[in-house]
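Data first, discussion second: the structure below is written as structure tokens.
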Amino acid sequence: MSVAEIGKWAATIKISWNKLLSYKLNLLLLVIGPSVVFFFVKYSLWTAIFQLEGIEQLQGYNLPDMLKYQGWTLIVALLGQGYNSMNLAEDIRLGRISAFLVYPFGFWSFQTASFIAFECLQLFTAGITLGALFTLQIVTDLSLVALVAGLLFSILVSFFWYQTSYLIGLMAFWLEETWVLRVMFLTISQFFSGAVMPLEVYPEYLQKLLMWTPFPYLTYAPVKIFMGEYRGDIWQGAGILSFWLGVAVLLSLAVWRRGLRLYTAAGM
Amino acid sequence: MLKTIKRYWGVYTRFLSTCFAAASTYRLHFLLLIIMDQLFYFSMLGSVDFLYNHVSKIGPWNRNEFMFFIAFILAVDHLHMSFVSESFWEFAFDIRTGRLDFVLLRPLNTIFSVFARQIRPATLINFVTPWGFLIYYGRQMQLDLVSWVSLFPMVLFSLVLLTSIEILVSMLMFWTVEAMGINFLRIQVQSLSRWPEFIYRGFANKLFTVGFPILLVGSAPVYFLLDHGRWLWVLAAVGALVVTWGLIGVFWQKGLKAYESASS
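Structure follows, in structure tokens:
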């Protein structure tokens, strides 16, 4: 990568950073709000399950363990699940991507630079949230090794999440709306990734089946790594997720090339 | 009065026919919407079902009672997604682009024009899952005649209460530059209401049943359907509905004053 190219990336990241911070309330409601409310619902639900029934253990989790799991789920959600490429479909449909076709900075590069800016911001948000969870003693026993490993894994998750969102956005070359696909992906991944409840709570056949998919690596694996309780091989987990990330990249390239053939300057 | 109802019904049937015409144009989108809704229904039911593989009760409810509640919420959600949801996204767009000007000029009640305009036919025809589960778990609960007769009116009442609270929340769009976040806030309000009030403890419970009564949407009617002695919950929900509409009246007027057409 040349110096000029690095300059373009840096400038785009800076502009995107400023743009994100221009609408702070929107960012709060769009990105942080849903994760926090989701955590609050799960916190309430699990507290009710354990306290109202007087349950000591559920699939190896006591109440503090379960709340700790949910606390780390919040951190992973903040780090891993961006909303970038949300307007990509509109950009394609209305012909706004025409400008990128003549710019000396590609469409994917622009989107990815924007995503990096967003991710930097999320690192701060997740840091502050972790501080709050630690103060409230929901998250305890922090270990530096687990923290670094979990953070790196979560960043990998965020790239996978971004690339999948980008791929979904590109479907606008053929579809009127792509938000439906995005919601479907979110629903499936929340349900199968262990975001609502740890995978140990799921029936055994489903747990085995899920290991063949990328879903457990989107929430369950990074949460367990942060907790220092991941029983599998972290490198293997990262390898599987990288494989799926590669698939998403290749599919995006193919879809972009085919989609561009259909595209007219006026949009779709 | 009858003339007004007839007129508004006439307008609403036009809204319906244009939405059906638009939906039939984009067939793949139509199909995807059906799949999306099914995924949502089964993920909600599946989550609770998996939980009950490990516990016999959550709070005062066994599996059938909790599943009945979830099925009730899904039925409300089905009507909400079919008849209301889409309009909130359009409202945000209308305010941002100044398109609300044209809605204000229509010889119709503006709130009706804004929030009853968009209908989603794909979700509408997707009724079998939520309503089928509601009837199935109603039978499992051996509901009495009063409960069966009041089941559909109660779902409708919940829909009205939920929509009213959401309209109140969406009034905030008049004061924000980018309204997407408010719509996300509205969705979070919805997600809070999808669980029974007893799972929220202490201050949160008081806040969301009295201060901002979103937990009454599902809990009040279901409590009544399962035990008619708990009719006070429904009365409280009616009170909440009246207060909400009072607030909508106030904030709608204030919002219109703050609205600056396309530059807002």
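As given, the protein sequences belong to chains A and B, one line each in that order. Going by the numbering used here, the first sequence opens with residue 2, and the numbers climb by one from there. Going by the numbering used here, the second sequence opens with residue 14, and the numbers climb by one from there. Where is the CB? At the ideal position from N, CA and C, for every residue including glycine. Source: prediction; values computed, not measured.
List the whole-angstrom C-beta distance separating SER17(A) from ALA114(A), where the pair is believed to meet the contact cut-off of C-beta under 8 Å. 6 Å
For my contact list, VAL247(B) and PHE237(B) are in at a C-beta cut-off of 8 Å; report their separation, rounded to the angstrom. At roughly 5 Å, the Cβ-Cβ gap stays under 8 Å, so VAL247(B) and PHE237(B) are in contact.
Let me know the secondary structure DSSP gives THR123(B) once reduced to three states. helix
Determine, using beta carbons only, whether SER95(B) and ARG130(B) come nearer to each other than 7 Å. no
Near LYS43(A), what residues of its chain come up, given a Cβ to Cβ distance below 6 Å and the 5 sequence neighbours on each side ignored? Closer than 6 Å at the Cβ level, and outside the excluded window around LYS43(A), lie GLN71.
If we require 4 or more residues per run, which alpha helix (DSSP H) segments fall completely within the stretch 64 to 97 of chain A? 64 to 81 and 89 to 94
What residues of chain A sit near VAL190(B), judged by a beta carbon separation below 7 Å? Result: TYR24.
What in chain B is Cβ-close to THR188(A), meaning under 8 Å? MET49, LEU52, PHE53 and SER56
Give, in chain order, every residue of the stretch 34 to 50 of chain A whose Cβ lies closer than 8 Å to some Cβ of chain E. Going by chain labels, chain E is absent from the structure shown, which instead holds the protein chains A and B.
Using the Cβ count rule (16 or more neighbours within 10 Å means buried), how would you classify TYR241(B)? Contrary to the premise, residue 241(B) reads as His rather than Tyr in this sequence. HIS241(B) comes out exposed.
Return the residues of the stretch 62 to 96 of chain B that lie within a Cβ-Cβ distance of less than 9 Å from chain A, sorted by chain order. Residues of the stretch 62 to 96 of chain B whose Cβ lies closer than 9 Å to any Cβ of chain A, in chain order: PHE63, LEU64, ASN66, HIS67, VAL68, SER69, LYS70, ILE71, GLY72 and PRO73.
Proximity below 7 Å, CB of LEU246(A) to CB of PHE160(A): yes
For TRP74(B): DSSP bridge partner residues: By DSSP's assignment, TRP74(B) forms a beta bridge with ILE71(B).
Span separating the alpha-carbon of LYS69(A) from that of GLU230(A): Straight across, the Cα-Cα distance linking LYS69(A) with GLU230(A) is about 12 Å.
Span of the alpha helix (DSSP H), counted from its first residue to its last, around ASP50(B): 40 to 64
By the three-class DSSP mapping on this structure, what secondary structure does LEU59(A) have? strand
Own chain, CB closer than 7 Å to PHE146(B), minus 5 neighbours either side, in chain order: LEU58, ALA84 and LEU87
Beta-carbon neighbours of ARG295(B), restricted to chain A and to distances below 7 Å: Summary: the structure shown does not reach residue 295(B), with chain B confined to residues 14 through 277, and so no result is reported for it.
What's the gap between the Cα of LEU131(A) and the Cα of ILE76(A)? Roughly 7 Å separates the two Cα atoms.
Quick check on DSSP: helix, strand or coil for THR141(A)? Secondary structure of THR141(A) (DSSP, three-state): coil.
For the stretch 215 to 229 of chain A and the stretch 64 to 82 of chain B, state whether three or more C-beta atom pairs, one from each stretch, are separated by less than 8 Å. no
Buried or exposed, going by whether 16 or more other CB atoms sit within 10 Å of the CB of GLN237(A)? When all chains shown are included, GLN237(A) counts as exposed.
Could you name the residues that DSSP lists as bridge partners for THR136(B)? Answer is none; THR136(B) lacks a bridge partner.
Using a beta-carbon distance below 7 Å, is MET212(A) in contact with chain B? no
Closer than 7 Å, Cβ to Cβ, to anything on chain B: give me those residues from the stretch 145 to 177 of chain A, in chain order. Cβ proximity to chain B below 7 Å picks out LEU176 and GLU177 from the stretch 145 to 177 of chain A.
Just the chain A side, please: which residues come within less than 8 Å of PHE187(B) by C-beta, in chain order? Per Cβ cutoff of 8 Å: no residues; PHE187(B) is ~14 Å from chain A at best.
Residue environment, VAL263(B), which counts as buried when at least 16 other CB atoms sit within 10 Å: exposed
Per-residue DSSP class, three states only, for THR17(B): DSSP, reduced to helix, strand and coil, places THR17(B) within a helical segment of the structure shown.
Just by C-beta distance, which residues in the stretch 52 to 79 of chain A are closer than 7 Å to chain B? LEU53, GLU54, ILE56, LEU59 and GLN60
Can you give me, in chain order, the residues of the stretch 195 to 220 of chain A that have a beta carbon less than 9 Å from any beta carbon in chain B? VAL197, MET198, VAL202, TYR203, PRO204 and LEU207
PHE135(A) versus LYS225(A) - alpha carbon distance: 17 Å
Taking only three categories from DSSP, how would you classify THR257(B)? helix
Inspect the beta-carbon positions of ALA105(B) and TRP188(B) and report whether they are closer than 7 Å. no
Under 7 Å by beta carbon: chain B residues contacting VAL181(A): Those within 7 Å of VAL181(A) in chain B are HIS42, LEU45, LEU46 and MET49.
Of the residues that make up the stretch 97 to 126 of chain A, which ones have a beta carbon closer than 9 Å to any beta carbon in chain B? none
Where do the ends of the alpha helix (DSSP H) carrying THR13(A) lie? 4 to 23
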